[in-house]
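See structure below.
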Ligand SMILES: Cc1cc2nc3c(=O)[nH]c(=O)nc-3n(C[C@H](O)[C@H](O)[C@H](O)COP(=O)(O)O)c2cc1C
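Residue numbers (my numbering): 3 to 345.
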């Protein structure tokens, strides 16, 4: 299949996928960028001020990078379902001295407007959005400011909506990807979707350039995704154990621990499907977990942080794509070099 152009404009058709919550650091972004790949900063969970500081710092190394934001897409949860899940987690929380019975139900938009305003006032070359579409006027504002806008999509229907909504390119996320599935419909059951098949289908349906991500475990998979027509390939999980990664020690060690033998899609940690190493928290709570992002994310956050600090991998969201066994230690540059070796 004829490839789509690299919408990121990087020397190599490779990118560091955005990973919010700690793993993406300015150091990691600078390192992959210096190695010839495209870097995304992860604006999710951050305040606009913190994001602005990261942008300023990364600009000391490169001007060519992207910023990823969570598009507003609140999956409402009832007070009763929320309280039921808080009760389900009581014993885990108590282990860390936490009482979830009074935890407020928070259904916010991750400070979307502040971060949008920041990026319109002080644009970066690429803005990518996950979890949904922004309003057409918001996408236009980003484009008028000079940014190329990428939308994460997980199905052909989402890609058509992104194209109609003004996206310049698509971030195709197969279901093997680590972390949250970016589906625009948080109520949807995620069906297994290979990234190469998704890439071909999206190009056929929209003709838009595609950055393909999900399940990349080495240079052969990169080559296969470029063969499928992707203009660039993004990796997340393979960077998690690098020197520049901000992932916690507990998380990094779990990725290499033979006791963890598979990844699963679960809503147990945040109320939105995400691929994670299967640990005890998943085994015990997945069946009871409701849909309700970001409320469930906030409900479990303190517990997850305390567990990570205590070295307890069984109560941490160990986001991982199916290629996690090939996540190596060492400099991020070595990961980029290895992936580029097959090109
Ligand atoms: C720890 C972690 C955090 C992530 N955070 C984000 C995020 O903030 N925004 C986003 O669009 N995708 C996020 N993702 C998904 C990645 O951008 C990407 O789609 C995925 O890592 C690709 O699959 P792979 O992990 O198999 O390489 C995250 C993934 C991981 C592993």
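Don't be surprised by glycine CBs; every beta carbon is placed ideally from N, CA and C.
Check: Roughly how many angstroms lie between the CA atoms of residue 110 and residue 76, to the nearest whole one?; Outcome: 7 Å
Check: Alpha carbon to alpha carbon, how far is residue 89 from residue 249? Give it in angstroms, no decimals.; Outcome: 29 Å
Check: Buried or exposed for residue 246, please, with buried defined as at least 16 other CB atoms from any protein chain shown within 10 angstroms of its CB.; Outcome: buried
Check: Pick from 18, 54, 55, 271: whose alpha carbon is nearest that of residue 37?; Outcome: 18
Check: Measuring straight from C-alpha to C-alpha, what distance separates residue 2 and residue 97?; Outcome: The structure shown has nothing for residue 2, since the chain only spans 3 to 345.
Check: With H, G and I counted as helix, E and B as strand and the rest as coil, what does DSSP make of residue 70?; Outcome: strand
Check: So what does DSSP say about residue 171, is it helix, strand or coil?; Outcome: strand
Check: Does the distance between the C-beta of residue 15 and the nearest non-hydrogen atom of ligand 1 fall short of 7 Å?; Outcome: no
Check: Per DSSP, residue 321 forms a beta bridge with which residues?; Outcome: 278
Check: Quick one: measure Cβ to Cβ for residue 242 and residue 329, integer angstroms, because I've assumed they're closer than 8 Å.; Outcome: 5 Å
Check: Can you tell me which of the three DSSP states residue 235 falls into?; Outcome: strand
Check: Using DSSP with H/G/I as helix, E/B as strand and the rest coil, what is residue 34?; Outcome: helix
Check: Note down, in chain order, each residue of its chain lying with its Cβ closer than 6 Å to the Cβ of residue 282, except the 5 sequence neighbours on either side.; Outcome: 316
Check: Between residue 285 and the rest of its own chain, which residues show a CB-CB distance below 7 Å, the 5 nearest in sequence each way excluded?; Outcome: none
Check: Is residue 123 helix, strand or coil by DSSP?; Outcome: helix
Check: Could you tell me whether any non-hydrogen atom of ligand 1 is closer than 7 Å to the CB of residue 218?; Outcome: yes
Check: I'd like to know whether the C-beta atoms of residue 16 and residue 342 end up nearer to each other than 8 Å.; Outcome: yes
Check: Taking the C-alpha atoms as reference points, what is the distance between residue 256 and residue 264?; Outcome: 12 Å
Check: Hey, could you find the ends of the alpha helix (DSSP H) residue 201 is sitting in?; Outcome: 197-208
Check: Spatial neighbours of residue 130 within its chain, please: CB distance less than 6 Å, with the 5 preceding and 5 following residues excluded, ordered by chain position.; Outcome: 68, 70, 152, 173
Check: Any idea if residue 45 is buried or exposed, counting beta-carbon neighbours within 10 angstroms, 16 or more meaning buried?; Outcome: buried
Check: My output table needs one value for residue 2: the three-state DSSP class, helix, strand or coil.; Outcome: Given that the chain is displayed from residue 3 to residue 345, the structure contains no residue 2 and the question cannot be resolved.
Check: According to the neighbour-count rule (16 or more other Cβ atoms, all chains shown, within 10 Å of its Cβ), is residue 103 buried or exposed?; Outcome: exposed
Check: Since residue 205 and residue 168 are thought to touch, with beta carbons under 8 Å apart, how far apart are those beta carbons, to the nearest angstrom?; Outcome: At roughly 18 Å, the Cβ-Cβ gap does not stay under 8 Å, so residue 205 and residue 168 are not in contact.
Check: Determine which residues share a DSSP beta bridge with residue 332 and list them.; Outcome: 244
Check: Pop quiz: residue 325 and residue 240 are said to be a contact at Cβ under 8 Å. What is the actual Cβ separation, rounded to whole angstroms?; Outcome: 6 Å
Check: Which of the three DSSP states, helix, strand or coil, is assigned to residue 158?; Outcome: helix
Check: Would you check whether ligand 1 has a heavy atom nearer than 7 Å to the C-beta of residue 195?; Outcome: no
Check: Would you say the beta carbon of residue 191 comes nearer than 7 Å to a heavy atom of ligand 1?; Outcome: no
Check: Using the Cβ count rule (16 or more neighbours within 10 Å means buried), how would you classify residue 22?; Outcome: buried
Check: Taking only three categories from DSSP, how would you classify residue 129?; Outcome: strand
Check: For residue 124, does the count of other Cβ atoms within 10 angstroms reach 16, so buried, or fall short, so exposed?; Outcome: exposed
Check: Assuming residue 232 and residue 214 form a contact by the criterion Cβ under 8 Å, report the distance between their Cβ atoms to the nearest whole angstrom.; Outcome: 4 Å
Check: Just the Cα atoms here: how many angstroms apart are residue 13 and residue 94?; Outcome: 47 Å
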